[in-house]
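Visitor: Numbering-wise (numbering that gives the first Met the number 0), the sequence shown opens with residue 0 and increments by one.
Heads up, the beta-carbon is just placed ideally off N, CA and C, and yes, glycines get one too.
Before I ask anything, here is the structure I am working with.
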Amino acid sequence: MKQLYTVLILISFISIQHITAQTTISGRVVDAETNEWLAGVLISSTQLIGTTTDIDGKYSITVSGDETELTFRYLGYETQVIKLNIRGSKNISLDAKMTVGTSILNTVTVTSSRNKRLLENEIATVEIIPARFLENNAITSLSEVMERTPGVQILDDQVNIRSSGFSYGGGSRVGLIIDGQPLLGALFGDIRWNFIPIENAGQIEVVKGPASVLYGSNAMNGVINVTTAEPTSDPYTSISIYRGVMDDPPSKYRQWWSDEEPPFNNGIFFAHRAKVTDKLDITLGGNMHFNKSHIERGDEARYRANWTTKYRLTDKTTFGINGNFMYHKSGGYFIWQDADTNALKHISPLSFNRYRTLSIDPHVTHFDKFNNKHIVRGRLFSIVQTPQRRSKEQIEANPPDIPATIYSMEYQFQRRFQNELLLTAGFSLQDFSADNPTLAFTAGDTISDIRSTTFGNNQALFGQVEKSFLENKLLTHVGLRVERFNIGDGDFSAIVPVVQAGATYKASPTNVFRTSFGQGYRMPSLLERYVEAEILVIESPFIDIPLQAIPNLEITPEYGWNYELGYKKLLKKGRWKGYLDLAFFVMQYKNMSELTFDLH
Numbered sequence: 000m001k002q003l004y005t006v007l008i009l010i011s012f013i014s015i016q017h018i019t020a021q022t023t024i025s026g027r028v029v030d031a032e033t034n035e036w037l038a039g040v041l042i043s044s045t046q047l048i049g050t051t052t053d054i055d056g057k058y059s060i061t062v063s064g065d066e067t068e069l070t071f072r073y074l075g076y077e078t079q080v081i082k083l084n085i086r087g088s089k090n091i092s093l094d095a096k097m098t099v100g101t102s103i104l105n106t107v108t109v110t111s112s113r114n115k116r117l118l119e120n121e122i123a124t125v126e127i128i129p130a131r132f133l134e135n136n137a138i139t140s141l142s143e144v145m146e147r148t149p150g151v152q153i154l155d156d157q158v159n160i161r162s163s164g165f166s167y168g169g170g171s172r173v174g175l176i177i178d179g180q181p182l183l184g185a186l187f188g189d190i191r192w193n194f195i196p197i198e199n200a201g202q203i204e205v206v207k208g209p210a211s212v213l214y215g216s217n218a219m220n221g222v223i224n225v226t227t228a229e230p231t232s233d234p235y236t237s238i239s240i241y242r243g244v245m246d247d248p249p250s251k252y253r254q255w256w257s258d259e260e261p262p263f264n265n266g267i268f269f270a271h272r273a274k275v276t277d278k279l280d281i282t283l284g285g286n287m288h289f290n291k292s293h294i295e296r297g298d299e300a301r302y303r304a305n306w307t308t309k310y311r312l313t314d315k316t317t318f319g320i321n322g323n324f325m326y327h328k329s330g331g332y333f334i335w336q337d338a339d340t341n342a343l344k345h346i347s348p349l350s351f352n353r354y355r356t357l358s359i360d361p362h363v364t365h366f367d368k369f370n371n372k373h374i375v376r377g378r379l380f381s382i383v384q385t386p387q388r389r390s391k392e393q394i395e396a397n398p399p400d401i402p403a404t405i406y407s408m409e410y411q412f413q414r415r416f417q418n419e420l421l422l423t424a425g426f427s428l429q430d431f432s433a434d435n436p437t438l439a440f441t442a443g444d445t446i447s448d449i450r451s452t453t454f455g456n457n458q459a460l461f462g463q464v465e466k467s468f469l470e471n472k473l474l475t476h477v478g479l480r481v482e483r484f485n486i487g488d489g490d491f492s493a494i495v496p497v498v499q500a501g502a503t504y505k506a507s508p509t510n511v512f513r514t515s516f517g518q519g520y521r522m523p524s525l526l527e528r529y530v531e532a533e534i535l536v537i538e539s540p541f542i543d544i545p546l547q548a549i550p551n552l553e554i555t556p557e558y559g560w561n562y563e564l565g566y567k568k569l570l571k572k573g574r575w576k577g578y579l580d581l582a583f584f585v586m587q588y589k590n591m592s593e594l595t596f597d598l599h
């Protein structure tokens with residue numbers, strides 16, 4: 000009997016060992032064409048066990064049984080399924096190569112969710128401008144890209160989307176994002192178009208609709224996101240030289256230049272991207288640009304250099320420091336002498352403003368043991384202006400530089416749950432200051448000796464949740480942001496909450512419906528609130544008339560909301576492919592500010 004019990008126990012032990020035998024499958028996932036590592040690839044097995052690749056494209060998954068199927072999914076790529084017979088194996092090495100999807104709707108965006116998302120799953124209208132568009136159209140500034148984007152207008156260097164309103168001298172109602180961080184001036188709240196390193200741009204995304212939940216103030220009308228191209232295994236170097244000449248005006252009598260020296264522009268772009276080592280990636284770029292303007296003495300010259308770095312400390316952690324510097328000289332322009340003969344001449348003699356613009360961006364990305372993603376970004380953004388019309392005596396009596404500086408920091412957390420739920424949350428801090436805006440606009444022979452500083456700060460909490468249903472046919476999205484502002488020495492403070500919600504429904508592989516609602520806001524710039532200066536003097540035979548800007552300490556934040564109902568249809572015939580995007584939208588804004596002329 001004891002021998003029988005011993006045999007039964009031995010058989011049971013062997014059976015249990017067979018049932019619980021496990022196999023570890025590991026490897027690396029790469030792009031089939033470029034062999035670049037793919038981070039964040041979703042891998043699942045028939046045993047309902049899942050994992051993702053790390054920042055080096057590596058993965059490891061442990062399964063049981065005699066066989067399994069591994070499914071590899073990655074945004075913008077074709078899903079790949081690999082069957083494996085794992086009987087008797089403890090460790091299996093399996094590398095996978097993924098192919099870019101053939102559908103144009105497989106384009107990947109990152110702006111509206113701060114996470115990679117297919118274009119077909121966007122709840123708002125998003126325009127995608129690839130890098131090849133810049134290369135093929137002799138683009139010299141980001142503003143030229145926006146001028147060619149449907150539904151986007153540029154007027155006096157200010158951008159607006161869907162004709163939502165223009166405000167000369169006010170801050171931008173459209174946010175600008177460079178590699179995940181806002182980049183707007185501290186004093187004007189404006190976009191420095193020529194400062195953007197388009198020579199190394201990987202993709203430009205334009206979101207049409209409020210984006211304040213993720214990006215805060217100035218994104219009430221939309222957001223423009225420029226992402227830097229990643230280095231590949233093969234180094235990339237590009238040098239582009241350009242030159243353009245402007246035609247004479249239709250009304251010949253308005254021409255102030257000679258036929259032998261027409262207005263022109265020329266310059267050079269440089270870009271270099273490389274993986275220096277297995278751990279270090281670098282990107283270098285630069286631009287020199289010269290422009291003889293059709294506006295008399297409105298010429299421009301700029302010199303810009305930039306870099307990005309990314310160092311892989313471990314397979315879970317990367318860090319780096321990005322930077323950009325530009326020297327910019329340009330002739331200011333406010334208003335013409337008259338609307339006919341002298342339409343291309345300023346009402347008073349022009350002189351040049353000079354700017355030194357600098358940004359330094361440290362960044363760290365870390366995946367913890369639960370595969371949660373942590374991102375910390377910082378930014379120093381400084382614009383130092385040398386005002387126009389300064390005599391030698393004035394410079395000696397008062398330092399000429401007028402700095403405007405922003406210090407910002409943001410922490411972002413992302414977690415993807417097993418039930419197809421993605422959580423993105425975080426907080427941001429910002430401190431901004433600028434010397435008295437009066438100095439920035441003084442154009443007379445005398446200058447104020449007051450040199451005070453205006454300042455402000457803000458703190459924000461934000462979060463959004465994405466959840467898919469019906470086998471990923473229905474994707475829902477809900478977001479919230481709460482931001483606190485303090486401007487001046489107790490001049491203004493406010494707490495601003497905004498919400499956003501939307502959904503997309505994929506009725507078929509080629510038909511996608513969407514709906515969204517979002518709120519937005521814009522805080523007035525320091526210039527709009529505090530400017531008090533003489534802009535120019537209009538000379539006349541009887542009396543000189545000063546044109547002055549006066550402050551508005553009672554100015555309040557702008558608020559708005561947008562509702563959109565949209566439909567995307569994939570179109571394909573032979574080698575030709577594209578998509579039809581229809582959108583019905585309603586926008587409403589209040590407290591919108593603008594520069595007005597009046598007598599005081």
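Taking 7 Å as the threshold (C-beta atoms), are residue 566 and residue 211 in contact?
Guide: Taking the sequence shown and counting its residues from 1, one reaches residue 211 at position 212. Taking the sequence shown and counting its residues from 1, one reaches residue 566 at position 567. Contact: no.
Visitor: Would DSSP call residue 315 helix, strand or coil?
Guide: On the sequence shown, residue 315 is found 316 positions in, with the first residue counted as 1. Coil, per DSSP.
Visitor: Give every residue of the same chain whose Cβ lies closer than 7 Å to the Cβ of residue 317, excluding the five residues on either side of it in the sequence, and list them in chain order.
Guide: To locate residue 317, count along the sequence shown from 1; it is residue 318. So the qualifying residues of the chain are 54, 309, 310, 311 and 364.
Visitor: Cα-Cα, which of 401, 406, 412 and 418 is closest to residue 433?
Guide: As a working mapping, residue 433 is identified with position 434 in the sequence shown. When only C-alpha atoms are compared, the closest one is 401.
Visitor: If we define contact as Cβ-Cβ less than 7 Å, is residue 500 a contact residue for chain D?
Guide: No chain D appears in this structure, which consists of one protein chain only.
Visitor: With a threshold of 16 other CB atoms inside 10 Å of the CB of residue 159, please say whether the residue is buried or exposed.
Guide: For the purposes of this step, residue 159 is taken as residue 160 along the sequence shown, with counting starting at 1. So residue 159 ends up on the buried side.
Visitor: Using the Cα positions of residue 603 and residue 231, report the straight-line distance between them to the nearest angstrom.
Guide: Nothing about residue 603 can be read from this structure; the chain reaches only from 0 to 599.
Visitor: Any idea what DSSP makes of residue 197, helix, strand or coil?
Guide: What you label residue 197 is simply residue 198 of the sequence shown in a count that begins at 1. Residue state, collapsed to three classes: helix.
Visitor: Please state whether DSSP places residue 621 in a helix, a strand or coil.
Guide: Coverage of the chain is limited to positions 0 through 599, which leaves residue 621 absent and any answer about it impossible.
Visitor: Whose C-alpha, out of 493, 94 and 240, is nearest the C-alpha of residue 266?
Guide: Along the sequence shown, read from residue 1 onward, the residue named residue 266 stands at position 267. Closest option to residue 266, Cα to Cα, is 240.
Visitor: How is residue 586 classed by DSSP in three states: helix, strand or coil?
Guide: The residue labelled residue 586 in the question sits at position 587 within the sequence shown. Residue 586 falls in the strand class under three-state DSSP.
Visitor: Assuming contact is defined by CB atoms lying nearer than 7 Å, are residue 40 and residue 29 in contact in what I supplied?
Guide: Position 41 of the sequence shown, counted from the start, is the residue given in the question as residue 40. Position 30 of the sequence shown, counted from the start, is the residue given in the question as residue 29. Their beta carbons are not under 7 Å apart, which means residue 40 does not touch residue 29 by this criterion.
Visitor: Does DSSP put residue 120 in a helix, a strand or coil?
Guide: Here the question's residue 120 lines up with position 121 in the sequence shown. Helix at residue 120.
Visitor: Going by DSSP, what residue range makes up the beta strand (DSSP E) through residue 132?
Guide: As a first step, residue 132 is located in the sequence shown; it is residue number 133 there, counting from the start. Taken as a continuous stretch (DSSP letters only), residue 132 belongs to no beta strand (DSSP E), being part of the alpha helix (DSSP H) at 130 to 135.
Visitor: Considering only C-alpha positions, which residue in the set 511, 427 and 463 is nearest to residue 483?
Guide: Here residue 483 is taken as the residue at index 484 of the sequence shown, counted from 1. Residue nearest to residue 483 within the set 511, 427 and 463 is 427 (criterion: CA-CA distance).
Visitor: By DSSP's criteria, residue 66 is part of a beta bridge. Which residues make up the other side?
Guide: Indexing the sequence shown from 1 puts residue 66 at position 67. DSSP, once it has assigned bridges, lists 84 as partnering residue 66.
Visitor: Less than 8 Å between the CB atoms is what I'm expecting for residue 263 and residue 284, so what's the real figure, rounded?
Guide: Indexing the sequence shown from 1 puts residue 263 at position 264. Indexing the sequence shown from 1 puts residue 284 at position 285. Residue 263 to residue 284, Cβ: 24 Å. No contact.
Visitor: With distances taken from CA atoms, which of 531, 293 and 107 is nearest residue 249?
Guide: On the sequence shown, residue 249 is found 250 positions in, with the first residue counted as 1. The residue with the shortest Cα to Cα distance from residue 249 is 293.
Visitor: Pick helix, strand or coil for residue 18, following the three-state DSSP scheme.
Guide: Counting from 1 along the sequence shown, the entry for residue 18 is found at position 19. Reliability fails at residue 18, whose pLDDT of 48 lies under 50, so the model's placement of it is uncertain and the value that follows must be treated cautiously. It is helical.
Visitor: Ignoring anything shorter than 3 residues, give me the beta strand (DSSP E) runs that lie fully in the segment 204 to 253, in order along the chain.
Guide: 221 to 227 and 235 to 244
Visitor: Rounded to whole angstroms, what's the CA-CA distance from residue 81 to residue 21? Just pull it up for me.
Guide: In the sequence shown, the residue the question calls residue 81 occupies position 82. In the sequence shown, the residue the question calls residue 21 occupies position 22. Roughly 18 Å between the two C-alpha positions.
Visitor: Note down, in chain order, each residue of its chain lying with its Cβ closer than 6 Å to the Cβ of residue 515, except the 5 sequence neighbours on either side.
Guide: The residue given as residue 515 occupies position 516 in the sequence shown. These residues qualify, in order along the chain: 122, 123, 501 and 563.
Visitor: Going by beta-carbon coordinates alone, are residue 144 and residue 128 separated by less than 7 Å?
Guide: The residue you call residue 144 lines up with position 145 of the sequence shown. The residue you call residue 128 lines up with position 129 of the sequence shown. Against a cut-off of 7 Å, the Cβ pair of residue 128 and residue 144 comes out as a contact.
Visitor: Check for me: the beta strand (DSSP E) holding residue 37 runs from which residue to which?
Guide: To locate residue 37, count along the sequence shown from 1; it is residue 38. It is not in any beta strand (DSSP E) - residue 37 carries neither H nor E in the DSSP assignment.
Visitor: If you measure between the beta carbons of residue 275 and residue 261, is that distance less than 7 Å?
Guide: Here residue 275 refers to the residue found at position 276 when the sequence shown is read from its first residue. Here residue 261 refers to the residue found at position 262 when the sequence shown is read from its first residue. In this structure, residue 261 does not lie closer than 7 Å to residue 275 by Cβ.
Visitor: Under the assumption that residue 196 contacts residue 323 (Cβ atoms under 8 Å), give the Cβ distance between them as a whole number of angstroms.
Guide: Along the sequence shown, one-based indexing puts residue 196 at 197. Along the sequence shown, one-based indexing puts residue 323 at 324. About 6 Å; that satisfies the 8 Å criterion.
Visitor: Determine the DSSP secondary structure at residue 528, reduced to helix, strand or coil.
Guide: As a first step, residue 528 must be located in the sequence shown, where it is residue number 529. Helix, per DSSP.
Visitor: How far does the alpha helix (DSSP H) with residue 522 in it reach, from first residue to last?
Guide: Against the sequence shown, residue 522 aligns to sequence position 523. Unbroken run through residue 522: none, as it is neither H nor E.
Visitor: Using CA coordinates, which residue listed in 76, 59, 117 and 98 is at the minimum distance from residue 90?
Guide: Residue mapping note: residue 90 aligns to position 91 of the sequence shown, counting from 1. Of the candidates 76, 59, 117 and 98, the one whose C-alpha sits nearest the C-alpha of residue 90 is 59.
Visitor: Output the boundary residues of the beta strand (DSSP E) element that contains residue 287.
Guide: In the sequence shown, the residue the question calls residue 287 occupies position 288. Taken as a continuous stretch (DSSP letters only), the beta strand (DSSP E) holding residue 287 covers 279 to 291.
Visitor: With a Cβ-Cβ cutoff of 7 Å, do residue 455 and residue 486 count as a contact?
Guide: Looking up residue 455 in the sequence shown gives position 456. Looking up residue 486 in the sequence shown gives position 487. In this structure, residue 486 lies closer than 7 Å to residue 455 by Cβ.
Visitor: Distance, Cα to Cα, residue 376 vs residue 412?
Guide: As a position in the sequence shown, residue 376 is number 377, starting the count at 1. As a position in the sequence shown, residue 412 is number 413, starting the count at 1. Cα to Cα, the separation comes out at about 12 Å.
Visitor: Pull up the distance between the alpha-carbon of residue 146 and that of residue 291, whole angstroms please.
Guide: Locating residue 146 in the sequence shown gives position 147, counting from the first residue. Locating residue 291 in the sequence shown gives position 292, counting from the first residue. One alpha carbon belongs to residue 146, the other to residue 291, and they sit about 21 Å apart.
Visitor: Opposite residue 335 in the DSSP bridges: which residues?
Guide: For this step, residue 335 is matched to residue 336 along the sequence shown. Note: residue 335 sits in a beta bridge opposite 345.
Visitor: Hey, how far is the Cα of residue 23 from the Cα of residue 35?
Guide: Here residue 23 corresponds to residue number 24 of the sequence shown, with the count starting at 1. Here residue 35 corresponds to residue number 36 of the sequence shown, with the count starting at 1. For residue 23 and residue 35, the distance between alpha carbons rounds to 24 Å.
Visitor: Residue 145 by DSSP, collapsed to three states: which one?
Guide: Taking the sequence shown and counting its residues from 1, one reaches residue 145 at position 146. Helix at residue 145.
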